[in-house]
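Everything below concerns the one structure shown next.
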Amino acid sequence: MSLAVVLSRRDFREYDQLVSVYTKEKGKLELLAAGIKKSISKNAAALQPFFIVDLDYAEGREWPRLTKVLTVVSFVEILKKGDALDLLGKSLQAVDSFIRVGVPDAEVWQLLAEWLEFLNASKSFSPFIYSIFLLRLGKALGYQPALAGCVVCGVEDTAYFSPQAGGVLCAKHIGSTGENDKNFPLSREAAGAFQTVFQMPLSVVNNALLMGKIVPLALVAMKAFVAYHVAQGSGSVSLPKTKNSSKLSFV
Ligand SMILES: [Zn+2]
Numbered sequence: 012m013s014l015a016v017v018l019s020r021r022d023f024r025e026y027d028q029l030v031s032v033y034t035k036e037k038g039k040l041e042l043l044a045a046g047i048k049k050s051i052s053k054n055a056a057a058l059q060p061f062f063i064v065d066l067d068y069a070e071g072r073e074w075p076r077l078t079k080v081l082t083v084v085s086f087v088e089i090l091k092k093g094d095a096l097d098l099l100g101k102s103l104q105a106v107d108s109f110i111r112v113g114v115p116d117a118e119v120w121q122l123l124a125e126w127l128e129f130l131n132a133s134k135s136f137s138p139f140i141y142s143i144f145l146l147r148l149g150k151a152l153g154y155q156p157a158l159a160g161c162v163v164c165g166v167e168d169t170a171y172f173s174p175q176a177g178g179v180l181c182a183k184h185i186g187s188t189g190e191n192d193k194n195f196p197l198s199r200e201a202a203g204a205f206q207t208v209f210q211m212p213l214s215v216v217n218n219a220l221l222m223g224k225i226v227p228l229a230l231v232a233m234k235a236f237v238a239y240h241v242a243q244g245s246g247s248v249s250l251p252k253t254k255n256s257s258k259l260s261f262v
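Structural data, given as structure tokens:
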């Protein structure tokens, strides 16, 4: 048995579905759920995106076959909040399209579990929280902005941020990372605020955002980084290669 989150389900043949799940032990898997659309199917009710489930599967001819699924944790409060449901749908779609089958990653699993818990428990959501989720997902996959020092020379006295360069730049190196390199001012305070979103729980980041405690310059930089490195909604990613880039599926 393996703990899992259901990412998507799509119809396949008359009574079957292909179910994409993110499991704690094996990462993303695509499982054939035979007979799932029949009214007598015991597994159908447990295959919900707002559950953490425990599932079992067996080798199959084309896909592993889902044999058993049980609900372990239910986040039903999400169903009562339109904004939470919308955030859940977008985020699971992003995970499903960015991550390849069969590469387990403890950080992705922890992020998913924390995100579900957060969506379930929080009463209101910052319009910015989805960008934070994408930043955290990018970090789990090995794409983290370099905020400690200039990406070219390492000097800590930086004042600019370049999404293309993947981090902060000193005054000497602005414009040195490419002709179309768009950069903008980022104070040390803003760079610090940017860094904290990777260290604080999602609920704390959400509250700080709702209370206007994260400096606008940091938000601009975060948004630009996400927009440049994760094309939102299109399911395509364009990120600089790192040691972990094999985890991404370029579809
Ligand atoms: Zn520099």
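In the numbering used here, the protein residues as written are 12 to 262. All residues carry an ideal CB built from backbone N, CA and C; glycine is no exception. Here the structure is a predicted model, which means the values were calculated and not measured.
- Distance between glycine 186 and leucine 122, taken at the CA atoms: about 35 Å.
- Valine 163 carries a coil assignment under DSSP once its states are collapsed to helix, strand and coil.
- The segment 143 to 153 and the segment 47 to 66 do not touch, with fewer than 3 CB-CB distances between them shorter than 8 Å.
- Closest in alpha carbon position to serine 13, among Val32, Arg24 and Asp27, is Val32.
- Of Ile47, Lys134 and Pro75, the smallest CA-CA separation from glutamate 41 is found for Pro75.
- For glutamine 28, the uninterrupted beta strand (DSSP E) run begins and ends at 27 to 34, by DSSP.
- Here cysteine 164 is exposed: its Cβ has fewer than 16 other Cβ atoms, across all protein chains shown, within 10 Å.
- Taking 7 Å as the cut-off, one finds no heavy atom of ligand 1 near enough to the beta carbon of leucine 197.
- If you look at arginine 20, you'll find it in the beta strand (DSSP E) that goes 13 to 23.
- Annotation for leucine 180 indicates a beta carbon within 7 Å of some heavy atom of ligand 1.
- Look at threonine 188 here: in three-state DSSP terms it is coil, with no helix or strand label.
- The residue from Ala202, Pro212 and Met211 with its alpha-carbon nearest to that of proline 227 is Ala202.
- Buried is the label assigned to valine 216, since at least 16 other Cβ atoms lie within 10 Å of its Cβ.
- Counting along the chain, valine 216 sits inside the alpha helix (DSSP H) bounded by residues 213 to 221.
- Within the model, the alpha-carbon separation for valine 241 versus alanine 157 is close to 16 Å.
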